[in-house]
Ligand SMILES: [Zn+2]
């Protein structure tokens, strides 16, 4: 893993400048040739020729005279005499590190759990309401039975069975975590 953990920061390569913009502004005699470029090497003295070869796609450089090679970060580190973190900062590619990411992840999880809990609570209320509905239907059915209202008994019994089925389905859904 790149970066120094004690700073809780890390390098985000996608934020690095384009190799063309970077090397174009930090070398002399920069010239592009398709996917590559050449410049005068900033690492060895009296560099008169374009011996400094740059791979623009990968952001890598190599000098054929002094052997200097690396990427934008090592370029900044060597030329400016700074460490990795400072080089990443100068290139605008330093972001909060893993600790911050982990914290954000945890916070997201807590928020998600809260939403899940709210859903469960809503289901519990729904189940309670259905149970009350069943009690009412049973009372209606019993009353109708006592008063020989067969049509109402039948209707109430059908409603009870439907509610029971709905109740069982809802309960299974709650148990399944949804
Ligand atoms: Zn060189």
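Residue numbers (my numbering): 56 to 233.
Ideal placement from N, C-alpha and C gives every residue a C-beta, glycine not left out.
task = For residue 116, collect the residues of the same chain with a Cβ closer than 8 Å to its Cβ; drop the 5 residues on either side in sequence, then sort them by chain order.
result = 78, 107, 108, 109, 110, 123, 124, 125, 126 and 130
ask   = With burial defined as no fewer than 16 other Cβ atoms inside 10 Å of the residue's Cβ, what is the status of residue 175: buried or exposed?
value = exposed
inquiry  = Tell me the DSSP secondary structure of residue 160 in three-state form.
reply    = helix
ask   = Taking C-alpha atoms, which residue in 161, 68, 207 and 189 lies nearest to residue 113?
value = That would be 68, whose Cα lies nearest to the Cα of residue 113.
Alpha carbon of residue 139 to alpha carbon of residue 75, nearest angstrom = Straight-line measurement puts the Cα of residue 75 at about 21 Å from the Cα of residue 139.
inquiry  = Tell me which residues share the same chain as residue 121 and place their Cβ nearer than 7 Å to its Cβ, disregarding the 5 neighbours each side in the sequence.
reply    = 96, 98 and 99
key: Reduced DSSP category for residue 73 - H, G, I as helix; E, B as strand; rest coil   = coil
query = Between residue 105 and the rest of its own chain, which residues show a CB-CB distance below 8 Å, the 5 nearest in sequence each way excluded?
reply = 84, 86, 93, 94 and 95, listed in sequence order.
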